[in-house]
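Peer 1: Okay, handing you the structure first.
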Amino acid sequence: RDEALMPFYRQVVDADLFKHQPEIQAIDGMFMLPRPIRFVTAECGEINAFYSDERGEVVLCYETMRVLRERGLELAAQNGIAGADAQTLARRYLDANVRFILLHETGHALITLLEIPVTGREEDAVDQLATTLMLRFAGIDESSATVAENLRMASHWFLLRSTGQYNLDAYADAHALGEQRYFNLQCLLYGSDPARYLDIVTGGDLPEARARSCPEEARRVSSAWLRLLLPHVAPKFQMSEEKAEQLFEERARQRDRNSDAPYIR
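FYI, the numbering for the sequence shown is 1375 to 1639, going by my numbering.
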């Protein structure tokens, strides 16, 4: 056992990590699965997170948590943040990325267990699902600004893992390049509410040429996942696509009341 990873074990236990993931709690029991999905943390010997179909487990590695915290501290230093504020930012960065990673791996689990058809790269599909779930099922007490910051921290992790120099193995990988995953996530975030998230474009995080198609892309991705998942919803949660959209809109309005970032008119 790597003693350097013990703080992350304690963090998982003390925070009851999985029970405090609002998106996972929101969909808990929602789908008619052939068997449950278990969420576990483990010492893996590498930086990783994965879904094990054999064990029916989504596994988050302590090594990944350690690196995420280190990257959060580096981000704080780059922005001139020190002391307790740096520790707060590092924890925030870790928490935001853990949420996205767990939802990404949950996407793999749902595709496998529900035999959901995927055309194209599965890794892209579950990135889209994770983004959609964070936009749709974030905690009611979280503002839209907080939701956006969570997703932007997740996209930042994609860039940090990128070297900018690639060989053939990178191009052949099941995952898109870090830069592509970054811009895809920015596009879905901006497209979900262009007025609110206009600064993503004006701040240079998303080229205008891509941004023009993002509202339609975000709508299409959200609608596609809704249609793919609705047939697998448990009876007590069953509803039409129109009713689901109405509930999502009401949930968004509730979060708007918590928002400290008003619409840009």
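Ideal Cβ placement from N, Cα and C applies to all residues, glycine included. It should be emphasised that the depicted structure is a prediction, and the values quoted were computed from it without experimental measurement.
Would you check if the distance between the CB atom of Val1492 and the CB atom of His1478 is smaller than 7 Å?
Peer 2: No, the pair does not count as a contact, with Cβ atoms beyond the cut-off.
Peer 1: Between the beta-carbon of Glu1583 and the beta-carbon of Val1575, is there less than 7 Å?
Peer 2: The identity of residue 1583 in the sequence shown is Ala, whereas the question assumes Glu. Against a cut-off of 7 Å, the Cβ pair of Val1575 and Ala1583 comes out as no contact.
Peer 1: Ala1400: which of Arg1510, Ala1464 and Pro1605 sits nearest, CA to CA?
Peer 2: Of Arg1510, Ala1464 and Pro1605, the residue nearest in Cα terms is Arg1510.
Peer 1: With three or more C-beta pairs closer than 8 Å as the rule, is the region 1463-1476 touching the region 1380-1397?
Peer 2: Touching, per the Cβ criterion.
Peer 1: So the candidates are Pro1568, Ala1592 and Pro1408; which of them puts its Cα closest to the Cα of Ala1504?
Peer 2: Ranking Pro1568, Ala1592 and Pro1408 by Cα distance to Ala1504 puts Ala1592 first.
Peer 1: What number of angstroms, rounded off, separates the C-alpha of Ala1528 from the C-alpha of Asn1471?
Peer 2: Computed Cα separation, rounded: 5 Å.
Peer 1: Kindly give me the distance between the Cβ atoms of Glu1397 and Ala1512, rounded to whole angstroms, as I take these residues to be in contact under 8 Å.
Peer 2: Confirmed, Cβ separation roughly 7 Å.
Peer 1: Over the uninterrupted alpha helix (DSSP H) stretch that includes Leu1468, give me the two end residues.
Peer 2: Its alpha helix (DSSP H) spans residues Gly1457 to Leu1487.
Peer 1: Can you tell me whether Ile1475 is buried or exposed? The criterion is at least 16 other CB atoms within 10 Å of its CB, across all chains shown.
Peer 2: Buried is the call here.
Peer 1: Can you tell me whether DSSP reads Arg1639 as helix, strand or coil?
Peer 2: Residue placement at Arg1639 is flagged as unreliable, the pLDDT there being 30, under the threshold of 50; the coordinate-derived value follows with that caveat. Three-state result, Arg1639: coil.
Peer 1: Check Ser1426 in the structure and name its three-state DSSP category.
Peer 2: DSSP places Ser1426 in strand when its eight states are reduced to three.
Peer 1: Determine the direct distance from the alpha carbon of Pro1605 to that of Leu1572, and round the result to whole angstroms.
Peer 2: Rounded to the nearest angstrom, the two C-alpha atoms are 35 Å apart.
Peer 1: Which residues bound the beta strand (DSSP E) around Glu1431?
Peer 2: It spans Glu1431 to Cys1435 - the beta strand (DSSP E) in which Glu1431 sits, taken as one unbroken run.
Peer 1: How many angstroms separate the CA atom of Glu1496 from the CA atom of Ala1598?
Peer 2: Going by the C-alpha atoms only, they are around 14 Å apart.
Peer 1: Under a three-way DSSP split, which group does Thr1493 fall into?
Peer 2: Note: Thr1493 maps to coil in three-state DSSP.
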